[in-house]
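Visitor: Residue numbers (UniProt numbering), protein chains in the order written: chain A, 1 to 397; chain B, 1 to 397. All C-beta atoms in this analysis are idealised placements derived from N, C-alpha and C, irrespective of residue type, glycine included.
1) In the DSSP assignment, find the alpha helix (DSSP H) that holds residue 362(B) and state where it starts and stops.
2) According to DSSP, what are the bridge partners of residue 330(A)?
3) Who are residue 223(A)'s beta bridge partners in DSSP?
4) Which value, in whole angstroms, describes the spacing of the CA atoms of residue 344(A) and residue 140(B)?
5) Can you name the residues that DSSP bridges to residue 146(B)?
6) Expressed to the nearest angstrom, what Euclidean distance is found between the alpha-carbon atoms of residue 382(A) and residue 19(B)?
7) Assuming residue 219(B) contacts residue 264(B) (C-beta within less than 8 angstroms), just tell me the rounded distance between them.
8) Does residue 121(A) come out as helix, strand or coil in the three-state DSSP assignment?
9) What residues match up with residue 244(B) in a beta bridge as DSSP calls it?
10) Please list, in chain order, the residues of the region 351-366 of chain B that have any C-beta partner in chain A closer than 7 angstroms.
11) Which of the three DSSP states is assigned to residue 265(B) in this structure?
12) Can you check DSSP and say which residues form a bridge with residue 171(B)?
13) Of all the options 124(B), 179(B), 190(B) and 12(B), which has the alpha carbon lying nearest to the alpha carbon of residue 144(B)?
14) Thinking just about the alpha-carbon of each residue, which of 34(B), 370(B), 17(B) and 392(B) is nearest to the one in residue 214(B)?
15) Could you tell me which chain B residues have their CB closer than 9 angstroms to the CB of residue 209(A), listed as they occur along the chain?
16) What does the alpha-carbon distance come out to for the pair residue 258(B) and residue 197(A)?
17) Can you give me the Cβ contacts of residue 291(A) inside the same chain, cut-off strictly under 8 angstroms, excluding the 5 residues immediately before and after it?
18) Using beta-carbon positions only, say whether residue 256(B) and residue 244(B) come within less than 8 angstroms of one another.
19) Skipping 5 residues on each side, what residues in its chain have a beta carbon closer than 7 angstroms to that of residue 247(A)?
20) So, is residue 376(B) buried or exposed, given that buried needs 16 or more other C-beta atoms within 10 angstroms?
21) Spatial neighbours of residue 81(B) within its chain, please: CB distance less than 8 angstroms, with the 5 preceding and 5 following residues excluded, ordered by chain position.
22) Using a C-beta cutoff of 8 angstroms, does residue 326(A) count as contacting chain B?
23) Determine which residues of the region 133-165 of chain A have a Cβ less than 7 angstroms from any Cβ of chain B, and write them out in chain order.
24) Rounded C-beta distance between residue 361(A) and residue 323(A)? I'm assuming under 8 angstroms.
25) Just to confirm before moving on: does the CB-CB distance between residue 388(B) and residue 184(B) stay below 8 angstroms?
26) If we define contact as Cβ-Cβ less than 8 angstroms, is residue 310(B) a contact residue for chain A?
27) Of the choices 9(A), 28(A) and 14(A), whose alpha-carbon is the least far from that of residue 392(A)?
28) At a Cβ threshold of 8 angstroms, is residue 285(A) touching chain B?
29) Kindly indicate which residue of 327(A), 318(A) and 325(A) has the alpha-carbon position closest to the one of residue 333(A).
30) So, is the C-beta of residue 321(A) closer than 8 angstroms to a C-beta in chain B?
31) Look at the alpha carbon of residue 131(A) and the alpha carbon of residue 181(A), and state the distance between them as a whole number of angstroms.
32) Among the residues of its own chain, which have a CB less than 6 angstroms from the CB of residue 396(A), if the five just before and after it don't count?
33) Excluding the five sequence neighbours on either side, which residues of its own chain have a C-beta within less than 8 angstroms of the C-beta of residue 341(A), listed in chain order?
34) If you draw a straight line from the alpha carbon of residue 363(A) to that of residue 242(B), how long is it in whole angstroms?
35) For chain A, is any of its Cβ atoms less than 8 angstroms away from the one on residue 189(B)?
36) Determine, for residue 329(B), whether the minimum Cβ-Cβ distance to residues of chain A falls below 8 angstroms.
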């Protein structure tokens, strides 16, 4: 064999083993070298060498002794949660939020800057400002910067192909931030990020097949298939916000009519509430919030209930597409609509059953859940842990 | 290590290597032992032993010499196409078709038996009769029996969960045929089978991400993701036939209204043509066929064009779901509607663009293609080649 190729292969194998060991230790929390060798099927010598190097890099620590029946008690290894940090940035229509996230998904310093509504240039400047602040605040070595934004992202090229609300077309966001900050940068679509965050750190941790539908001003689905984030051939998987669900519905920014976002986004739901309020008796205020809507609906207000039922109907139509195409049995609906809770869930489930094969609908569990405010940041950080260190949650340890 | 476990592990490794070698030889057509060792990264000794055993089992043959610049010319190895046969059976509403398929997807003896329309018991008896005839006709050892049928299949349990047209509910088809024939039996959904056949033997051979939409009396999609057939958590992936695309449309057998099958199946298209014919001047006959419809439409008949455009509109709506969820860029539409060709394709593409994010639609190539009559049989045979011998097409050799 070509000696250069051989050297490259050896290096590749070494890195592969090191990542496998780190991931396994991460998953188990604390584990002995002997158990590591057994689980990874690597030799004791290979484990010992690789662990030595990971200890030297400060990624691992020895955390006291495990318990065994008789004989010597082995030393356990654990990942040092704060060994590295990620500068995680989440971009929405209203603000840019950033935080330092450690290897266990715990947030350290955080920054929030508001942005002028839908001004693409201003949003870019704000991303720079947040990145700069996080770099200054970092107490441990930074793995890099993870950014999630709405829109169609080309993960490989690191560009935002199109973010309708921001007027971004083919924006080379990764290169821009990378050149400024001299750190690895990973981009992710906001819905994809949320699914990854839920799978790695959230209540659906380790669910191998999972759909997370984010409903805010935009709507999109993140899809985990067989323990991997599924992003599609052009990173457009789960772009259901522009699936047409209302015949001759409102005109959408994308140019089509009746897209899901025009009738079931948080803005669309509140617009619908304001419009109905003009013609129908209701305790609803002139500028209602989703929380108020939820509160009134629970108290029996017919207008509030009708608005939620209508949004649920459209989301049910979109869910029928997801379920008919993917046959994934666990669906979380989250985002700004989370307060609409059980009323929304019921409307979605009723309409899902009417819009796809009943057997598929019956086999699907739909939940409406509030994700923690950290979820978008955890989703932004997750690709750095995966690609820079090889850490990803395994569903079946 | 436990000696039993060690023995089992060695046996498992040996089988794994043997399947890897067979698959590689299959993919390359003819290849030397040295190249095999290089490609699979197995030792020369391991390759030599495993190849010896495969030669003994009659699965391989030595096919003369390759060419090298200087020195000894190596002997090449090739898979014996007729070393094994599969009894492939394809079930449709009208008939049960069977054939013996060899390892290269070539058909040998074939059998066709018509069945009484939509009589589940009679269809089962006809499957038995076809299986018996194929077993008698087999000239080489049978790997087993592959059956594809419409409906929701539980591949693991080997049951037809539900086939609406046949009245089958939880039918243990695999066990029934296995007990009768004493051979391994694999079931597959008909659309899934077609996608697999296209990927393994067809014009989309080796396309790693692919959607094949079958439009006949039933409608379903088969999905290949990353070189693997994707079947979903309950084998219901691609069940778009019951996705509702027509608000308040015709009542479907599944209990819902306006399912894709009620407005775009071959039967629905012909029904629509017959109905329009009563109110509109057209050269269309009283009992039109899809071929006649295609022929008239090409000649400019407005009724025929309108019927095709309408079917294309509904298929475009369903395609928007597939594309928004999966972002797969190559879609084949096939089945009984294939003769509608370019007129159907244009209607589908126009409506796809109106019903999902325009950037996703633009990136998607839609073709309307006639698959050979053998495609369903090849799809039925494919799981046997994969699971019994480890042969599957690789997209990147």
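Guide: Reading from the atomic positions:
1) Run containing residue 362(B): 358-362, per the alpha helix (DSSP H) assignment.
2) Residue pairing by DSSP places residue 330(A) opposite 365(A) in a beta bridge.
3) Answer is 211(A) and 230(A), bridged to residue 223(A).
4) Note on geometry: alpha-carbon atoms of residue 344(A) and residue 140(B) lie some 60 angstroms from one another.
5) DSSP lists 88(B) and 186(B) as partners of residue 146(B).
6) In this structure, the alpha-carbon of residue 382(A) lies about 36 angstroms from that of residue 19(B).
7) About 6 angstroms; that satisfies the 8 angstroms criterion.
8) In the three-state scheme derived from DSSP, where H, G and I count as helix and E and B as strand, residue 121(A) is classed as helix.
9) Beta bridge pairing from DSSP links residue 244(B) with 259(B).
10) For the region 351-366 of chain B, the beta-carbon criterion of a distance under 7 angstroms to any beta-carbon of chain A is satisfied by 354, 355, 356, 357, 358, 359, 360 and 363.
11) Coil at residue 265(B), not helix or strand.
12) DSSP output for residue 171(B) lists 160(B) as bridge partner(s).
13) Residue 179(B) is the option with its Cα nearest to residue 144(B).
14) The option with the nearest alpha carbon to residue 214(B) is 370(B).
15) Under the 9 angstroms cutoff, chain B gives 232 and 233.
16) Between the alpha carbons of residue 258(B) and residue 197(A) lies a distance of about 37 angstroms.
17) The beta carbon of residue 291(A) sits closer than 8 angstroms to the beta carbons of 339 from its chain, once the five residues preceding and following it are set aside; these are given in chain order.
18) Yes.
19) Within the same chain, residue 247(A) has close Cβ partners 258.
20) Residue environment: residue 376(B) is assigned as buried (16 or more neighbouring CB atoms within 10 Å of its CB, all protein chains considered).
21) So the list reads 102, 103, 104 and 106, once near-sequence residues are dropped.
22) Residue contact check for residue 326(A) against chain B: a CB pair falls below 8 angstroms.
23) Of all residues in the region 133-165 of chain A, the ones placed with a Cβ closer than 7 angstroms to any Cβ belonging to chain B are 152, 161 and 162, in chain order.
24) Yes, residue 361(A) and residue 323(A) are in contact; Cβ-Cβ is about 7 angstroms, under 8 angstroms.
25) Going by C-beta atoms, residue 388(B) is nearer than 8 angstroms to residue 184(B).
26) Not closer than 8 angstroms to any Cβ of chain A, the Cβ of residue 310(B) fails to qualify, so no.
27) For residue 392(A), the nearest C-alpha among the options comes from 28(A).
28) Cβ-Cβ to chain B under 8 angstroms: no for residue 285(A).
29) 318(A) is the residue among 327(A), 318(A) and 325(A) whose C-alpha sits nearest the C-alpha of residue 333(A).
30) Cβ-Cβ to chain B under 8 angstroms: yes for residue 321(A).
31) Cα atoms of residue 131(A) and residue 181(A): separation of roughly 8 angstroms, rounded to the nearest angstrom.
32) Below a pLDDT of 50, predicted positions are generally treated as unreliable, and residue 396(A), at 39, falls in that range; the measurement from the model is reported next regardless. There are no such residues.
33) For residue 341(A), where only same-chain residues beyond five positions count, the Cβ hits under 8 angstroms are 294 and 368.
34) Rounded to the nearest angstrom, the gap between the Cα atoms of residue 363(A) and residue 242(B) is 15 angstroms.
35) Residue 189(B) does not count as touching chain A.
36) Residue 329(B) counts as touching chain A.
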